[in-house]
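Asks: The structure that follows is given in the form of structure tokens.
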Amino acid sequence: MRWSRYFMPTLKEEPAEAEVVSHKLMLRAGMIRKLTAGIYTYLPAGWRSLQKISEIIRNEMNRYYAIELLMPAVQPGDLWKETGRWEAYGKELLRFRDRHDRDYCIGPTHEEVITDLIRREVSSYRQLPLNLYQIQTKFRDEIRPRFGLMRGREFIMKDAYSFDRDEAGAAQSYEWMHQAYVSIFRKLGLQFRAVEADTGAIGGSISHEFMVLADTGEDIIATCTHCDFAANLEKAEVTCAGEDCPECSLPPEKVLTPGMHTVPQVAEFLKVPERKVLKTLLYVADGMAVAALVRGDRELNEVKLKNLLGVQDLEMAGQEQVEKWTGAGMGFAGPVGLKVDKIVADLELRLETDWITGANADDAHLRHVDLRRDAQINEYNDLRSITREDPCPRCQGSIRMTKGIEVGHIFRLGTKYSQAMNAVYLDEHGTEKPMIMGCYGIGVSRVLAACIEQNHDENGIIFTPAVAPFEVSIIALNPKDEMVRKHSESLYHELCSLNMDVLLDDRDERPGFKFKDCDLVGSPLQIIVGAKGIKNGVLEVKERHSGQRHELPLQDFGQHFQEVRRKVREHFGLETG
RNA sequence: CGGGAAGUGGCGCAGUCUGGUAGCGCACCUGCCUUGGGAGCAGGGGGCCGCUGGUUCAAAUCCAGUCUUCCCGACCA
Numbered sequence: 016m017r018w019s020r021y022f023m024p025t026l027k028e029e030p031a032e033a034e035v036v037s038h039k040l041m042l043r044a045g046m047i048r049k050l051t052a053g054i055y056t057y058l059p060a061g062w063r064s065l066q067k068i069s070e071i072i073r074n075e076m077n078r079y080y081a082i083e084l085l086m087p088a089v090q091p092g093d094l095w096k097e098t099g100r101w102e103a104y105g106k107e108l109l110r111f112r113d114r115h116d117r118d119y120c121i122g123p124t125h126e127e128v129i130t131d132l133i134r135r136e137v138s139s140y141r142q143l144p145l146n147l148y149q150i151q152t153k154f155r156d157e158i159r160p161r162f163g164l165m166r167g168r169e170f171i172m173k174d175a176y177s178f179d180r181d182e183a184g185a186a187q188s189y190e191w192m193h194q195a196y197v198s199i200f201r202k203l204g205l206q207f208r209a210v211e212a213d214t215g216a217i218g219g220s221i222s223h224e225f226m227v228l229a230d231t232g233e234d235i236i237a238t239c240t241h242c243d244f245a246a247n248l249e250k251a252e253v254t255c256a257g258e259d260c261p262e263c264s265l266p267p268e269k270v271l272t273p274g275m276h277t278v279p280q281v282a283e284f285l286k287v288p289e290r291k292v293l294k295t296l297l298y299v300a301d302g303m304a305v306a307a308l309v310r311g312d313r314e315l316n317e318v319k320l321k322n323l324l325g326v327q328d329l330e331m332a333g334q335e336q337v338e339k340w341t342g343a344g345m346g347f348a349g350p351v352g353l354k355v356d357k358i359v360a361d362l363e364l365r366l367e368t369d370w371i372t373g374a375n376a377d378d379a380h381l382r383h384v385d386l387r388r389d390a391q392i393n394e395y396n397d398l399r400s401i402t403r404e405d406p407c408p409r410c411q412g413s414i415r416m417t418k419g420i421e422v423g424h425i426f427r428l429g430t431k432y433s434q435a436m437n438a439v440y441l442d443e444h445g446t447e448k449p450m451i452m453g454c455y456g457i458g459v460s461r462v463l464a465a466c467i468e469q470n471h472d473e474n475g476i477i478f479t480p481a482v483a484p485f486e487v488s489i490i491a492l493n494p495k496d497e498m499v500r501k502h503s504e505s506l507y508h509e510l511c512s513l514n515m516d517v518l519l520d521d522r523d524e525r526p527g528f529k530f531k532d533c534d535l536v537g538s539p540l541q542i543i544v545g546a547k548g549i550k551n552g553v554l555e556v557k558e559r560h561s562g563q564r565h566e567l568p569l570q571d572f573g574q575h576f577q578e579v580r581r582k583v584r585e586h587f588g589l590e591t592g
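Offset between the first sequence (1-based) and the working numbering: plus 15.
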């Protein structure tokens with residue numbers, strides 16, 4: 016592609032609307048433009064990257080026995096009413112009515128549509144297993160779209176759905192998708208981890224997320240330094256070894272703590288470590304009043320709490336509720352005599368006693384509290400988030416925290432949808448059975464954003480060779496110079512004929528301008544064609560990621576260039592394609 | 001939906017407090033000049049000052065309403 020005839024409007028200045036790096040850089044590099052909140056046009060360069068990502072996904076999906084199709088974006092509401100998700104899905108589901116006043120929605124996901132298709136077409140075990148996928152634009156009417164492509168309302172997603180006869184088959188399908196995903200993210204040249212994940216609203220039991228590692232990621236991943244354990248912080252279980260401790264010898268005693276609302280304040284005031292103070296967190300869970308207890312120095316994990324309670328809705332209690340349940344203002348809640356429906360406590364609270372807790376009275380706490388003796392704990396469970404000090408739940412190794420961006424998620428769905436929608440088949444004995452399903456998503460447009468979050472510097476994007484709209488940029492320093500023009504043209508044709516994606520910057524601009532632009536748009540390799548170099552019989556090659564420059568002889572340039580290219584691809588874990 | 005901020009040529013912003021000719025930088029067009037890190041000089045084009053209403057001789061500026069966008073929170077792949 017010649018830049019002079021391409022459409023890649025770069026920006027020197029930072030767009031005011033962008034906050035995160037990938038958003039800023041994609042706007043500046045002329046890859047996307049916003050149409051309206053959370054909805055973007057993919058400009059040619061952005062679309063090229065997305066197509067490259069899609070193509071890698073296609074190849075690997077196909078290799079692991081998945082078959083591509085394309086389902087409608089618009090879906091009838093009736094299908095969603097069958098699974099109950101018309102009501103359950105909430106406001107992200109964009110609903111509308113047609114001229115006949117019938118309910119429709121724009122698909123945020125396609126379990127209903129695919130299950131409807133399969134229940135009509137598949138009736139025998141001989142037709143299973145099946146794994147079907149599509150790459151398609153989805154729409155979720157996010158409460159607050161932000162961060163450009165990272166959390167748009169409209170986005171491109173690869174979603175796959177597997178149908179199996181039995182659990183063993185479903186496990187195999189899942190495993191294949193796991194392998195396919197590992198292969199996909201490797202071939203994209205990204206640093207990533209597959210982590211154990213919470214299954215959230217989609218339901219099911221086993222689930223893995225694929226996380227692109229980036230400092231700007233919103234998810235926290237706990238990994239083990241010894242074994243291959245890796246889990247989303249939401250999910251990572253905390254093992255709690257040890258015996259229940261004996262009862263506290265001292266009786267509970269009220270102490271005055273005027274104005275001390277927080278754990279640090281109370282600990283400081285009473286001259287005890289924070290870990291001896293109990294945090295009593297009050298929640299409204301599907302209308303139920305719940306108190307959750309963790310040690311003062313710990314963080315409650317709301318996902319774990321939500322799963323333990325088996326509720327949809329979990330909200331921290333407001334001031335009014337707190338006063339009603341505790342008889343005191345905020346900051347003085349404690350488990351002793353608390354008027355709630357349920358009190359749950361973190362496992363490790365069994366190991367110790369003699370706690371400081373809120374007294375459920377203004378400006379007062381209790382000391383020498385023993386939970387079994389003084390309070391009514393309904394259940395002890397793993398409720399807190401894992402920390403660096405905790406041992407790995409698998410191997411007792413140590414835990415490290417990393418930030419990541421969720422780009423893929425795979426689920427075992429079981430029979431949730433097949434049962435609700437009566438997607439059944441007859442087995443070899445003529446018995447009717449529900450199909451066992453799985454679903455597997457990759458946020459294609461988010462992958463692009465994540466790639467940039469992971470690979471950039473102050474000058475712009477540093478694309479991996481697999482994702483770059485153009486793997487090579489040739490900078491013709493002064494295209495008016497006959498020699499420069501001739502050499503850059505012939506080089507351009509040579510590399511194109513070798514099947515490389517090449518951008519020839521043949522614009523009549525000053526050198527500095529073009530260097531800046533090329534760094535910004537992020538081709539992993541730059542070839543600089545200048546009059547001086549040609550005179551000396553060399554062309555200069557710059558590695559975008561390291562900044563390293565190589566002067567390669569014009570003689571056999573192609574061969575030498577391939578060596579640098581191989582080195583760069585290796586840096587991103589890629590074979591020379 | 002709660003809290004905060006902002007809407008002025010394509011982009012980034014000043015001007016608004018204190019009403020009186022709409023400005024600056026970048027980008028764009030023409031010419032000269034320049035060609036190894038976003039050059040220079042000269043000339044030029046482009047604005048319903050988000051929208052609606054009000055106050056006033058007069059509104060980008062004051063008042064009321066409304067829409068949109070961005071940030072923080074709850075929510076989510």
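No residue lacks a Cβ here, since even glycine has one placed at the ideal position from N, Cα and C.
I'd like the ranges of any alpha helix (DSSP H) spanning at least 4 consecutive residues and lying wholly in the stretch 253-307.
Replies: If we require 4 residues or more, the alpha helix (DSSP H) runs fully inside the stretch 253-307 come out as 278-285.
Asks: Do you know how far the Cα of residue 229 is from the Cα of residue 76?
Replies: Distance between the alpha carbons of residue 76 and residue 229 is about 25 Å.
Asks: Restricting to Cα atoms, I'd like to know which of 374, 147, 114, 25 is closest to residue 80.
Replies: Selected option, being the one with the closest Cα: 147.
Asks: Quick test of your reading: residue 525 and residue 19, contact by CB under 8 Å. State the CB separation rounded to the nearest angstrom.
Replies: Going by Cβ atoms, the distance from residue 525 to residue 19 rounds to 15 Å, so no, they are not a contact pair.
Asks: Which residue wins for smallest C-alpha separation from residue 100, given the options 487, 339, 122?
Replies: Checking every option, the nearest Cα to that of residue 100 belongs to 122.
Asks: Where does residue 56 sit, in a helix, a strand or coil, going by DSSP?
Replies: In this structure, residue 56 counts as strand in the three-state DSSP scheme.
Asks: Buried or exposed: residue 226, going by 16 or more other Cβ atoms within 10 Å of its Cβ?
Replies: The residue is buried, with at least 16 neighbouring Cβ atoms inside 10 Å.
Asks: When you compare each of 387, 449, 435, 426 to residue 266 by their alpha carbons, which one comes out closest?
Replies: Residue 266 has its Cα closest to that of 387, out of 387, 449, 435, 426.
Asks: Is residue 107 closer than 7 Å to residue 179 when the C-beta atoms are compared?
Replies: No. Outside cutoff.
Asks: Nearest to residue 379 by alpha carbon, out of 224, 231, 530, 285?
Replies: Selected option, being the one with the closest Cα: 285.
Asks: Starting from residue 222, follow its DSSP beta bridges and name the residues at the other end.
Replies: For residue 222, which the question treats as bridged, DSSP gives the partners 426.
Asks: If we ignore side chains and look at the alpha-carbon of each, how far apart do residue 310 and residue 364 end up?
Replies: Spanning the two alpha carbons is a distance of roughly 7 Å.
Asks: Between the Cα of residue 543 and the Cα atoms of 498, 404, 489, which residue gives the shortest distance?
Replies: Out of 498, 404, 489, 489 has the C-alpha closest to the C-alpha of residue 543.
Asks: Can we say the stretch 400-420 touches the stretch 322-334, given the rule of at least three CB pairs closer than 8 Å?
Replies: No, the stretch 400-420 is not in contact with the stretch 322-334.
Asks: What are the start and end residues of the beta strand (DSSP E) that includes residue 114?
Replies: From DSSP, residue 114 is part of no beta strand (DSSP E); its letter is neither H nor E.
Asks: Who are residue 238's beta bridge partners in DSSP?
Replies: 245, 415.
Asks: Please report the residue range of the alpha helix (DSSP H) in which residue 483 lies.
Replies: Counting along the chain, residue 483 falls outside any alpha helix (DSSP H), and DSSP gives it neither H nor E.
Asks: Between 288, 577, 479, 536, which lies nearest to residue 200 when the distance is taken from Cα to Cα?
Replies: Selected option, being the one with the closest Cα: 479.
Asks: Which value, in whole angstroms, describes the spacing of the CA atoms of residue 239 and residue 328?
Replies: Approximately 32 Å between the Cα atoms of the pair.
Asks: Can you look up residue 209 in the DSSP assignment and give me helix, strand or coil?
Replies: Residue 209: strand per DSSP, three-state reduction.
Asks: Which class does residue 326 belong to by DSSP, given the choice of helix, strand or coil?
Replies: Three-state DSSP puts residue 326 in coil, outside helix and strand.
Asks: Roughly how many angstroms lie between the CA atoms of residue 134 and residue 186, to the nearest whole one?
Replies: Whole-angstrom Cα-Cα distance: 21 Å.
Asks: Looking only at DSSP bridge pairs, what is residue 170 linked to?
Replies: 153.
Asks: Under a Cβ-count criterion, where at least 16 other Cβ atoms within 10 Å of its own Cβ denotes burial, should residue 408 be classed as buried or exposed?
Replies: Buried: at least 16 other Cβ atoms inside 10 Å.
Asks: Once the 5 residues before and after residue 59 are set aside, which same chain residues still bring their CB inside 6 Å of it?
Replies: Closer than 6 Å at Cβ, skipping near neighbours: 22.
Asks: Taking the C-alpha atoms as reference points, what is the distance between residue 420 and residue 465?
Replies: Straight-line Cα distance between these residues: approximately 7 Å.
Asks: Between the Cα of residue 384 and those of 30, 269, 210, spot the shortest distance and give me the residue it belongs to.
Replies: Of the candidates 30, 269, 210, the one whose C-alpha sits nearest the C-alpha of residue 384 is 269.
Asks: Give a yes or no on whether the C-beta atoms belonging to residue 425 and residue 192 are separated by under 7 Å.
Replies: Closer than 7 Å, so yes.
Asks: Report the three-state DSSP secondary structure of residue 511 (helix, strand or coil).
Replies: In this structure, residue 511 counts as helix in the three-state DSSP scheme.
Asks: Around the Cβ of residue 288, are there at least 16 other Cβ atoms within 10 angstroms (buried) or fewer (exposed)?
Replies: The residue in question, residue 288, is exposed, as its Cβ has fewer than 16 Cβ neighbours within 10 Å.
Asks: Taking residue 447 as part of the beta strand (DSSP E), name the residues at either end of that continuous run.
Replies: First-last of the beta strand (DSSP E) with residue 447: 447-449.
Asks: Compare the beta carbon distance of residue 368 and residue 454 with 7 Å and say whether it is the shorter of the two.
Replies: In this structure, residue 454 does not lie closer than 7 Å to residue 368 by Cβ.
Asks: Does the stretch 87-100 come close enough to the stretch 52-69 that 3 or more CB-CB pairs lie under 8 Å?
Replies: Verdict: no, contact absent.
Asks: Tell me which residues share the same chain as residue 244 and place their Cβ nearer than 6 Å to its Cβ, disregarding the 5 neighbours each side in the sequence.
Replies: The answer, listed in chain order, is 407, 409.
Asks: Less than 7 Å between the beta carbons of residue 11 and residue 438, yes or no?
Replies: Only positions 16 to 592 of the chain appear in this structure, which leaves residue 11 out of reach.
Asks: Using the Cβ count rule (16 or more neighbours within 10 Å means buried), how would you classify residue 520?
Replies: Burial call: buried.
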